[in-house]
Structures are given as C-alpha cells and as structure tokens.
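**Student:**
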Amino acid sequence: MIEKSAIYNYSMQVYYYMETILIDVRTEEEYAEYHASGAVNIPVEEISEGNLGLLEKIEKNTPLRLYCRSGARSERAREILQSYGFTDVVNLGGLASMVKE
Numbered sequence: 305m306i307e308k309s310a311i312y313n314y315s316m317q318v319y320y321y322m323e324t325i326l327i328d329v330r331t332e333e334e335y336a337e338y339h340a341s342g343a344v345n346i347p348v349e350e351i352s353e354g355n356l357g358l359l360e361k362i363e364k365n366t367p368l369r370l371y372c373r374s375g376a377r378s379e380r381a382r383e384i385l386q387s388y389g390f391t392d393v394v395n396l397g398g399l400a401s402m403v404k405e
C-alpha cells in the first residue's frame, strides 16, 4: 500500500494483464517502501548476475514490463533481459513519472 503517494491507475490498466509481468527493478528496500500494485521485485543487480527468480520458469516471449525510480535501471535491466533472449521487454520508465505527489 502506498502511503506517501498514489500510482496512477492508467499504468496498471494499460500494462498489467495476467500474461504480462510487471517488474520493479529497484532494490528490495525501495520496493518495500512503496511499489506499483501487482509488481514483483527483481533488482537489476540480481538480473545482471543472472539471478532471474521467477523469470527462469517462463517462456522467453512472455511480456515483461519494467520500471524503477527514474527509468535508468529499468533500461539497463531491459538490455540485459534482451541479451538473455527475452523478446517482449518494455521499459516503462520511472515510478516518479507515474506517481502523483
């Protein structure tokens, strides 16, 4: 639950479907503070080390939607995941751009 700010509903309506995985690539601490509803946390550091968590069990064409605080880490994660063979990876940018203060 987000107490400091609210995530715009459009981001979840547009990008989060049962067949799509929404991934927060920020640190576990940042994720625990607040995150988008339905997002799973796989920090970019883990992705870069090849620790993909639930992504190790899914098809490479599964739609993945990534976000972080500003968009930089999610872009790095997108590039890494594509190098691992994932074909439908989109950087949604920064959580800050989806949050209303």
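Under the numbering used here, the first residue of the sequence shown carries the number 305, and numbering increases by one thereafter. The C-beta atom is built at its ideal place from N, Cα and C for all residues, glycine as well.
With respect to the alpha helix (DSSP H) encompassing I384, which residues constitute its N-terminal and C-terminal limits?
**Tutor:** Note, I384: alpha helix (DSSP H), A376 to S387.
**Student:** What are the partner residues of I325, as DSSP defines its beta bridges?
**Tutor:** Partner(s): L368.
**Student:** Do the region 329-340 and the region 353-366 make contact, defined as three or more Cβ pairs closer than 8 Å?
**Tutor:** The region 329-340 vs the region 353-366: no contact.
**Student:** Distance check for E383 and A340, CA to CA, integer angstroms please.
**Tutor:** Roughly 22 Å between the two C-alpha positions.
**Student:** Which value, in whole angstroms, describes the spacing of the CA atoms of S401 and N345?
**Tutor:** Spanning the two alpha carbons is a distance of roughly 19 Å.
**Student:** Consult DSSP for G357 and reduce its assignment to one of helix, strand or coil.
**Tutor:** Three-state DSSP puts G357 in a helix.
**Student:** Below 8 Å on the Cβ atoms is my guess for R369 versus V394; work out the distance and round it to an integer in Å.
**Tutor:** Yes, they are in contact, since the Cβ atoms of R369 and V394 sit about 5 Å apart, within 8 Å.
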